[in-house]
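A quick write-up on the structure given underneath.
Protein chains: 2
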Amino acid sequence: MENTDRWTETICALATPPGIAGLAVIRVSGTDSLEICNKFFRGTKSVPQFTDHTIHYGWWSEGVRKIDSVTLTVFRKPNSYTGEDVVEIGCHGGVFVTQQIISSLLSTSARHAEPGEFTKRAFLNGKLDFLQVEAVADLIHTQTRVGAQIAARQLAGGFTHRLNEVRDLLLKATSLLEVELDFSEEGYEFVSRSVFIKALDESVDLTSALLSSAQSSEILRSGFACAVVGYPNAGKSSLFNALLNRTRAIVSEIPGTTRDYLEDALVIDGYIVNLYDTAGLRHTEDVIELQGVQLTSSVIEQSNIVLLVNDSSCGFDHSGALQADIASRFPHIPIVCIQNKMDLVEGGLPAARQNDISCSALSARGADPVKVALLEHIRKSRQGFDDALINKRQASLLSETRQHLLSARNALNDGTTADLIAIDVRSAIRCLGEITGETWTPDILDAVFANFCIGK
Amino acid sequence: MENTDRWTETICALATPPGIAGLAVIRVSGTDSLEICNKFFRGTKSVPQFTDHTIHYGWWSEGVRKIDSVTLTVFRKPNSYTGEDVVEIGCHGGVFVTQQIISSLLSTSARHAEPGEFTKRAFLNGKLDFLQVEAVADLIHTQTRVGAQIAARQLAGGFTHRLNEVRDLLLKATSLLEVELDFSEEGYEFVSRSVFIKALDESVDLTSALLSSAQSSEILRSGFACAVVGYPNAGKSSLFNALLNRTRAIVSEIPGTTRDYLEDALVIDGYIVNLYDTAGLRHTEDVIELQGVQLTSSVIEQSNIVLLVNDSSCGFDHSGALQADIASRFPHIPIVCIQNKMDLVEGGLPAARQNDISCSALSARGADPVKVALLEHIRKSRQGFDDALINKRQASLLSETRQHLLSARNALNDGTTADLIAIDVRSAIRCLGEITGETWTPDILDAVFANFCIGK
C-alpha cells in the first residue's frame, strides 16, 4: 500500500445519490467514527453506548445549533460494510442538510472518502474479493434485469467459487509436481501424467468457457446491437418503428427516406437491444454500390446481428444478392432474413425459406415474430456461464491464464521437464489469484477501483 | 378523508434520490409491511422476528433468484416516521436494483406511495403538525445555511409552540367571554375588558411580527435580490464581477457595454444574494431618459435593494439626480450609494457622504465594503422571528387571523356585544388551528402536500 496512514484515517461521504428526496445517508468509517459522530449527536444515549446494529433518533447539532433530525446506526468492526467501525447517518435529503453534516464531520479528524474508498477498505479487510467488488459496480450500473441478476449471483460469490475450484485443482497438481522436482534426480514420477493432463484440460475448458462469455457479458452491460439493413423501401424504418412501438423514424413511400442511421433501444425480456435503422442499400450491377454504404458498413461491423429486411411482395429471394454480399464481408455476424410485407403475399413462407422470419411491420403485432427471433439469438449468445459478468480486466487475465495452461499442456506433450511445466502452472495460478484479488499490487487495486464513484 | 381505504393500504417508494450511488433506501409503510418484506428477505431471522429498530443483513430474493444483498430495519408503530409499521430496505444504488425491489413489493398487496404520502401519514397519525411538515419540505429544498437552520428549528417545534401560546391565550379569553354570553341577560361582565384587550393586542402584535417576517422567509428561500444600477461607465459590471469574484460580465471603457441585464448569485455568510447587473442609465435633461429603462425598472421593482454605483472621480454627488429619481419611483426599496473608483480620489468620503459605501471595484478586495453593507441590509430585513420560514399558505392564514383580531378589537372599542366579538375571536382561533393543522379538511391537506415529491 502506497500510504499506510491514509487507510487508517476516518472517512466520510454521502452514500446515496445527490438530489432532492426525503432521505439521504452519510457513511462514516474508521477508528474514530463513533467518537466523531458523538460530538454532533444529541439523543437519549451517546453514540459509543449504542448497541451494535441498532438505530437511534436524535438531532445533529453544532453546539446549540440544530442542523437536522437524524437517525444513527452503529456497525462495529468487523461486522460492517468496510470491516471497520461504521456509523450511518440518515438525514433529510436535499443539498444543504447533507453538505452541512459532512462539513461538521470534516471539521474533525475525518476526511472525505476517495471514490470507491469504502469498498476498497472492505476489500482490504477481507469483506469482499475483487469479483464481488466488480459485481457491486455492475449491480449499480446495470440497466438490464438479466445483468442485475448475474451481478447479484457474482456478488453472492458464485464466480469466485468457480475460479477457486480451478485454482485448487491446479495447486494440488503443482504441489505434487514440486515433490517430483525435489526427487527428480532419483527419477521418480509422483504425479500421474494422466491426472495432471486431466487437471490442465479441465482448467483450459473452464477458462475458455468464461472467455467466450465475455462477449455476452458485454451484451448484458451495453446491450445487443442489431442492424436493420435492406434495399430501399423494404420497410426497414417501418420495422424499426414497430419494434420500438412508436414513430421514431420517418416513414414514406419514397425510397431513400432514411439518410443517416437512427439509433434507439428497446428491452426484450430484460435484455437491452440497441437497434440501428440504416439507409437503404442500392441494387446495382456490382450488387452493392450505395449511398451511405460506409456508414451502414460501420454499423454492421459493430452489430451482434443483422436483420436483413426483404420486401417479400417482390419475391422471397429478392435480397439474395445483398445477403450473400453481407455474409461474405462480415462472416462472423449472423444474418436473419426478415420477409416483410407478408400481409401483401398469398400463403406463408415456402419450405426453402423456413429459417426466415415472417413479418408485416405495418400491421398490429406484425413485428412480434422478429422480437421472438431476436430473443432467441440473444439467449444463444449467452454461452454457458451464468454466474459472472466478465469484464475487460478479468477477460485479459483469463486469456493470460489460458495461455499459460496451454503452454504447460504442450510442454507435457513435448516431454518437457517438470520444472519448466511448473513455472507455467504457477503463472496460471497467479493470474487466477489476480482475478479474485487473492494476490494484488497497488496498481491492480487502482485498476479495479478506477471507475468507482464517491460514496461507494 | 376522501377515501379511508387508501390510508390503510401498505405503501412503498424509493426514499433516496434516484441515481447512481453506493446506497439507496426503499421505505415500506403500513399494516402488512413486515409480512410483505418477509416474502422476499432471506436472512438468519424472519422479518416479523426482528427486534424493533435493529438492522439485519440478508438477500432480497424472488424465489431462488437473488436480487441484491440488502439490510432491513423494522420500525413498529407508533415508533416510526409515519406512525405505522415501517420497513426500511437498504440496497445498492442504481436504477435497476431499486426498480426490481419495488416491483417485488408491488407484486404483493403494497402499492406505490403518492407524492408526500409518507409525511401525510405521519401527519394523520399525529407524528408531525403542518408546520413541521412544511419545515421538512423547506429543509430538503433550501439552499442556504440560514434557511436550513430556521427550518430545523421549525421542525423542532419552535413555531408551533409560539402559535399555540397565542391560541391558548385567545381560547382562555373566549371561554370567559362565552360564560359572559350565557349570563348576558343578567348583565354580568365576567371578562375584565382590560385583560381581554391585552390578549387581543398581544395576538395582533405576534401575527404582525410573523407576517412581517414572510418577506425575509422568502429571501431565505429564494435569495436577496440586489440591482446594480448607475450611469454608464460608473463601474457597475466591474462591481458585479468583483462581488462574484469572477469575470461574468464583459467590462470595457466604452459606455453602454452592458445591454441586457445579467443575473448571477453569490453567497454571503450563508445567505443567497441574486445580483442583477443592469444597463447604464443615460443622463439627459429630464434626468433619466434611457436605453433599456424599462428592463432596468422591472429589475429594480423586484429587488430587495438597489446598489446605485457612482463614479466618485466625477464627484460624489454626480449621481444625485438619478438617486432622487429612483427613490421617488420606488419609495419602498432601499438605495445604497456605492462611491466607486475611490482609488482615483484623494482622501476618503466627506462627512456629508458617510452613509455611502467606499469601493474600488477593480482593486483586490476593493468591493469588500459592499459585501459588508449587503450583509447588514440582509440581517436588517430579517425581522424579529427566527423560528419559522413563513410560506404563502401560512402568510395568508396569518393575515386572516390578524383581520379577525383587529375586527374584534374594533368591536370592543365600539361597544359591540360579546356574541359578535366572540364570532371574530373564534374565527381567529380556527385560522391559527389551520396553520398548525389542529383543524383541517381534505382541501387543506392537499394544499400542504401539493409540492411534495414521491418518497417523502
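Order-wise, the sequence lines are chains A and B. For the first sequence, the numbering used here begins at 1 and goes up steadily by one. For the second sequence, the numbering used here begins at 1 and goes up steadily by one. For every residue, glycine included, the Cβ atom is placed at its ideal position computed from N, Cα and C. Source: prediction; values computed, not measured.
| request: Would you mind reading off the limits of the alpha helix (DSSP H) that contains residue 336 of chain A? | output: Not the alpha helix (DSSP H): residue 336 of chain A falls in the beta strand (DSSP E), residues 335-340.
| request: Could you spell out the range, first to last residue, of the beta strand (DSSP E) harbouring residue 72 of chain B? | output: Element bounds for residue 72 of chain B: 65-75.
| query | For the segment 417-437 of chain A against the segment 396-407 of chain A, are there 3 or more C-beta pairs whose distance is under 8 Å? | reply | Yes, the segment 417-437 of chain A touches the segment 396-407 of chain A.
| Whose CA, out of B:77, B:108, B:45, B:67, lies closest to the CA of residue 36 of chain B? | Checking every option, the nearest Cα to that of residue 36 of chain B belongs to B:108.
| field | Other residues of its chain near residue 289 of chain A: CB distance less than 6 Å, five sequence neighbours each side excluded | value | The predicted position of residue 289 of chain A is uncertain, since its pLDDT is 46 and thus under 50; a value taken from the coordinates is nonetheless stated next. Excluding sequence neighbours, residue 289 of chain A sits near nothing in its chain.
| request: Could you tell me whether the Cβ atoms of residue 268 of chain B and residue 143 of chain B are closer together than 8 Å? | output: In this structure, residue 143 of chain B does not lie closer than 8 Å to residue 268 of chain B by Cβ.
| said: Against chain B, does residue 161 of chain A count as a neighbour if the rule is that its beta carbon must be under 8 Å from one of theirs? | reply: Output row for residue 161 of chain A: interface = no.
| Cβ pair residue 88 of chain B, residue 166 of chain B closer than 8 Å | Going by C-beta atoms, residue 88 of chain B is not nearer than 8 Å to residue 166 of chain B.
| field | Proximal residues to residue 229 of chain B (C-beta, below 6 Å), its chain only, five neighbours per side dropped | value | Counting only Cβ-Cβ distances below 6 Å, and skipping sequence neighbours, we find 278, 306, 308.
| request: Report the residue from A:106, A:266, A:105, A:318 whose alpha carbon sits nearest the alpha carbon of residue 370 of chain A. | output: Checking every option, the nearest Cα to that of residue 370 of chain A belongs to A:266.
| query | Since residue 13 of chain A sits in a beta bridge, which residues does DSSP pair it with? | reply | A:27, per the DSSP bridge assignment.
| message | In this structure, how does DSSP classify residue 344 of chain B when only helix, strand and coil are distinguished? | response | Three-state result, residue 344 of chain B: helix.
| From this set, A:7, A:195, A:171, which residue's C-alpha is nearest residue 119 of chain A's C-alpha? | A:7 is the residue among A:7, A:195, A:171 whose C-alpha sits nearest the C-alpha of residue 119 of chain A.
| query | How should residue 376 of chain B be labelled, buried or exposed, when 16 other C-beta atoms within 10 angstroms of its C-beta is the threshold for buried? | reply | The residue is exposed, with fewer than 16 neighbouring Cβ atoms inside 10 Å.
| Quick one: Cα of residue 76 of chain B to Cα of residue 59 of chain A, how far? | Straight-line measurement puts the Cα of residue 59 of chain A at about 21 Å from the Cα of residue 76 of chain B.
| Cross-chain neighbours of residue 111 of chain A in chain B, by beta carbon under 8 Å | Those within 8 Å of residue 111 of chain A in chain B number zero; the least Cβ separation is about 17 Å.
| field | Where the alpha helix (DSSP H) containing residue 395 of chain B begins and where it ends | value | Per DSSP, residue 395 of chain B is one residue of the alpha helix (DSSP H) stretching across 392-414.
| request: Can you tell me which of the three DSSP states residue 148 of chain B falls into? | output: Per DSSP, reduced to three states, the secondary structure at residue 148 of chain B is helical.
| request: Spatial neighbours of residue 20 of chain A within its chain, please: CB distance less than 7 Å, with the 5 preceding and 5 following residues excluded, ordered by chain position. | output: For residue 20 of chain A, where only same-chain residues beyond five positions count, the Cβ hits under 7 Å are 93, 94.
| In three-state DSSP terms, what is residue 105 of chain B? | In the structure shown, residue 105 of chain B sits in a helix (DSSP, three-state: H, G or I).
| message | Under DSSP, the beta strand (DSSP E) around residue 240 of chain A begins and ends at which residues? | response | Judged by DSSP secondary structure, residue 240 of chain A falls outside any beta strand (DSSP E) and instead within the alpha helix (DSSP H) spanning 236-244.
| said: Once DSSP output is grouped into helix, strand and coil, what is the label at residue 274 of chain A? | reply: Strand at residue 274 of chain A.
| task | Answer yes if the segment 413-423 of chain A comes into contact with the segment 212-232 of chain A, meaning at least three C-beta pairs across the two stretches below 8 Å, and no otherwise. | result | By the Cβ criterion, the segment 212-232 of chain A is not in contact with the segment 413-423 of chain A, since fewer than three pairs of Cβ atoms, one from each stretch, lie closer than 8 Å.
| field | Secondary structure of residue 308 of chain A, DSSP reduced to three states | value | Strand, per DSSP.
| request: State the beta-bridge partners of residue 41 of chain A as determined by DSSP. | output: For residue 41 of chain A, which the question treats as bridged, DSSP gives the partners A:60.
| request: Please state whether DSSP places residue 332 of chain A in a helix, a strand or coil. | output: Coil, per DSSP.
| request: Go ahead and label residue 193 of chain B buried or exposed: buried means 16 or more other beta carbons lie within 10 angstroms of its beta carbon, across all protein chains shown. | output: It counts as exposed.
| field | CB contact flag (residue 262 of chain A, residue 249 of chain A, <8 Å) | value | Less than 8 Å separates the beta-carbon of residue 262 of chain A from that of residue 249 of chain A.
| task | Tell me residue 54 of chain A's beta-bridge partners as DSSP assigns them. | result | Beta-bridge pairing links residue 54 of chain A to B:54.
| Using a C-beta cutoff of 8 Å, does residue 93 of chain B count as contacting chain A? | Yes, residue 93 of chain B lies at the interface with chain A (some Cβ there is under 8 Å from its Cβ).
| request: State yes or no: is the C-beta of residue 68 of chain B within less than 8 Å of the C-beta of residue 139 of chain A? | output: Taking 8 Å as the Cβ cut-off, residue 68 of chain B and residue 139 of chain A qualify as a contacting pair.
| request: Kindly provide the ranges of any beta strand (DSSP E) runs that are 3 or more residues long and lie completely inside the segment 200-234 of chain B, ordered along the chain. | output: If we require 3 residues or more, the beta strand (DSSP E) runs fully inside the segment 200-234 of chain B come out as 224-230.
| Which same chain residues, not among the five before or five after residue 286 of chain A, have their C-beta less than 7 Å away from its C-beta? | Residue placement at residue 286 of chain A is flagged as unreliable, the pLDDT there being 42, under the threshold of 50; the coordinate-derived value follows with that caveat. Cβ within range, chain order: n/a, list empty.
| task | Pull up the CB-CB distance for residue 16 of chain B and residue 32 of chain B, whole angstroms please, since I reckon it's below 8 Å. | result | 23 Å between Cβ atoms; not a contact.
| field | Closer than 7 Å at the beta carbon, the chain B residues around residue 136 of chain A | value | Neighbours of residue 136 of chain A on chain B, chain order: 92.
| message | Using C-beta distances below 7 Å, list every residue in its chain close to residue 411 of chain A, excluding the 5 sequence neighbours before and after it, in chain order. | response | So the qualifying residues of the chain are 420, 421, 424.
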